[in-house]
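Worksheet for the structure shown next.
There are 2 protein chains.
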Amino acid sequence: MNADDSVIGRIETEVALLMRFAEATRRATPVEAHRSLDRAAYVILRYLDEAGPQNVSALAARLNLDGSTVTRQVGAMEREGLIAREADPNDGRGTLVSATASGLRRMSTVRMARAEIYDEMLASWSETDRAELATMLTRLNEALAARSQARRRP
Amino acid sequence: MNADDSVIGRIETEVALLMRFAEATRRATPVEAHRSLDRAAYVILRYLDEAGPQNVSALAARLNLDGSTVTRQVGAMEREGLIAREADPNDGRGTLVSATASGLRRMSTVRMARAEIYDEMLASWSETDRAELATMLTRLNEALAARSQARRRP
DNA sequence: CGTTCATGACTGTATGTTACAGACGGAAAA
DNA sequence: TTTTCCGTCTGTAACATACAGTCATGAACG
Numbered sequence: 001m002n003a004d005d006s007v008i009g010r011i012e013t014e015v016a017l018l019m020r021f022a023e024a025t026r027r028a029t030p031v032e033a034h035r036s037l038d039r040a041a042y043v044i045l046r047y048l049d050e051a052g053p054q055n056v057s058a059l060a061a062r063l064n065l066d067g068s069t070v071t072r073q074v075g076a077m078e079r080e081g082l083i084a085r086e087a088d089p090n091d092g093r094g095t096l097v098s099a100t101a102s103g104l105r106r107m108s109t110v111r112m113a114r115a116e117i118y119d120e121m122l123a124s125w126s127e128t129d130r131a132e133l134a135t136m137l138t139r140l141n142e143a144l145a146a147r148s149q150a151r152r153r154p
Numbered sequence: 001m002n003a004d005d006s007v008i009g010r011i012e013t014e015v016a017l018l019m020r021f022a023e024a025t026r027r028a029t030p031v032e033a034h035r036s037l038d039r040a041a042y043v044i045l046r047y048l049d050e051a052g053p054q055n056v057s058a059l060a061a062r063l064n065l066d067g068s069t070v071t072r073q074v075g076a077m078e079r080e081g082l083i084a085r086e087a088d089p090n091d092g093r094g095t096l097v098s099a100t101a102s103g104l105r106r107m108s109t110v111r112m113a114r115a116e117i118y119d120e121m122l123a124s125w126s127e128t129d130r131a132e133l134a135t136m137l138t139r140l141n142e143a144l145a146a147r148s149q150a151r152r153r154p
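Protein sequence lines correspond, in order, to chains A and B.
What the first sequence shows, in the UniProt record's numbering, is residues 1 to 154, in sequence order.
What the second sequence shows, in the UniProt record's numbering, is residues 1 to 154, in sequence order.
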């Protein structure tokens with residue numbers, strides 16, 4: 001049986017395809033929107049916005065990145081004024097990273113632009129179908145998150 | 001209104017999340033599966049399997065990559081015996097890239113492994129829900145592809 | 001209270017992927 | 001035939017990332 005004959009095969013194919021599209025779209029995005037807030041910066045700001053100030057380790061765990069990578073990322077973001085770093089009052093070893101107003105503004109702009117793109121792209125979809133897509137993606141991510149958890153504590 | 005309050009906002013959020021998961025999963029994949037067939041190699045082999053031998057430019061266009069990037073990729077893949085290169089009989093400038101049996105075998109192995117992961121991950125889903133997810137992903141990709149087309153010929 | 005171990009951040013280094021610019025040769029057009 | 005265009009390849013640079021090691025702080029335990 002060809003892998004594509006099964007529903008699971010189709011899911012694998014479509015997720016792979018989605019990855020390629022997303023990458024290509026990101027790279028093709030005009031400089032003023034993309035370079036101003038590269039991928040890691042965007043997700044970091046999203047998370048800080050959602051969960052409040054975090055230390056580097058927490059960010060690394062959340063983003064599934066090495067601590068050193070996050071250190072460099074937030075270093076660059078600090079230079080651009082997107083986030084601020086301060087000593088963690090509860091742990092002298094830690095560094096608390098918090099989003100600045102400017103950082104949140106930039107994140108929000110990117111987010112609105114992306115939502116706009118999806119809105120245009122799905123213009124012909126019914127509201128029901130859009131809701132169904134959102135639900136399915138949410139559930140897929142929940143499944144992925146559960147698997148991540150399971151793998152981290154084997 | 002917060003962007004997440006709308007269905008479109010949720011879709012944007014979930015796709016961004018899915019990207020992070022997919023990246024992290026790819027990086028966390030054990031060497032024997034991952035290094036043996038890195039991301040670009042996998043999609044190149046998938047495309048060659050689907051569409052037959054292609055020259056470098058066609059691959060680059062399809063994958064939304066620069067020609068030089070594809071040149072290097074197929075160079076590495078040739079060294080590993082995953083693809084073969086020959087002069088394009090129809091165009092002396094071109095190089096025809098074709099998958100080898102070994103390359104297709106490796107691709108298929110990776111594909112099955114991935115399908116297996118999805119299968120486990122979605123074990124608790126009903127067949128109806130799985131089918132619904134596959135359908136929604138397919139439709140989302142169609143919308144993305146349509147947008148790509150539109151942007152390429154503006 | 002001091003020693004030892006664990007943890008958080010950071011730095012040095014290496015790798016992989018990518019793009020852009022330029023070279024070179026073959027193809028197509030004038 | 002000459003000029004221009006196109007496909008591939010090579011040189012170079014940027015960037016994100018991981019791994020290993022360093023340094024400082026906190027925690028546990030005798």
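Each residue gets a CB set at the ideal place from its N, CA and C atoms; glycine is no exception.
Rounded to a whole number of angstroms, what is the C-alpha to C-alpha distance between residue i and residue j?
| i | j | result |
| --- | --- | --- |
| L140(A) | A143(B) | 19 Å |
| R130(A) | M136(B) | 9 Å |
| R59(B) | L18(A) | At residue 59(B) the sequence reads Leu, which differs from the Arg that was named. Cα to Cα, L59(B) sits roughly 17 Å from L18(A). |
| A134(A) | A24(B) | 22 Å |
| M77(A) | I44(A) | 10 Å |
| G52(A) | R20(A) | 31 Å |
| E120(A) | E14(A) | 21 Å |
| T95(B) | A84(A) | 51 Å |
| A123(B) | W125(A) | 29 Å |
| I117(B) | A145(B) | 26 Å |
| R26(B) | A16(A) | 11 Å |
| residue 187(A) | V56(A) | Given a span of 1 to 154 for chain A in the structure shown, any question on residue 187(A) remains unanswerable. |
| V74(A) | R93(A) | 16 Å |
| R72(A) | R72(B) | 28 Å |
| R147(B) | G67(B) | 22 Å |
| T69(B) | T69(A) | 24 Å |
| I11(A) | T138(A) | 15 Å |
| L65(A) | R79(A) | 21 Å |
| A115(A) | T109(A) | 10 Å |
| A22(A) | A22(B) | 11 Å |
| V97(A) | V97(B) | 48 Å |
Go through its chain and collect everything with a Cβ distance to residue i's Cβ below 8 Å, but skip five positions before and after it.
| i | result |
| --- | --- |
| D49(A) | A99, L104, M107 |
| A61(A) | none |
Report the residue from the options whose alpha carbon sits nearest the alpha carbon of residue i.
| i | options | result |
| --- | --- | --- |
| L82(A) | G67(A), R62(A), R46(A) | R46(A) |
| S6(B) | N55(A), E127(A), L63(A) | E127(A) |
| N90(A) | D66(A), A40(A), Q54(A), R147(A) | Q54(A) |
| R111(A) | A145(A), L65(A), Y42(A) | Y42(A) |
| A40(B) | A22(B), V56(B), L63(B), E80(B) | L63(B) |
Please tell me whether, using a cut-off of 7 Å, the distance from the CB of residue i to the nearest non-hydrogen atom of the ligand FAD is below it.
| i | result |
| --- | --- |
| V110(B) | Ligands are entirely absent from the displayed structure, and the ligand FAD is therefore not among its contents. |
What does a CB cutoff of less than 6 Å around residue i pick up in its chain, not counting 5 residues either side in sequence?
| i | result |
| --- | --- |
| L132(B) | Residue identity check: residue 132(B) is Glu in the sequence provided, not Leu. Excluding sequence neighbours, E132(B) sits near nothing in its chain. |
| D38(A) | none |
DSSP state of residue i, grouped into three classes?
| i | result |
| --- | --- |
| E12(A) | helix |
Using C-beta distances below 7 Å, list every residue in its chain close to residue i, excluding the 5 sequence neighbours before and after it, in chain order.
| i | result |
| --- | --- |
| V31(B) | The predicted model places V31(B) with a pLDDT of 48, which falls under 50 and marks its position as unreliable; any figure quoted below should be read in that light. Excluding residues within five positions, none has a Cβ falling inside 7 Å. |
| S102(B) | G81, L82 |
Item to check | Uninterrupted beta strand (DSSP E) stretches inside the UniProt domain "HTH marR-type" (14-142) of chain A (no shorter than 3 residues) | outcome: 83-87, 95-99
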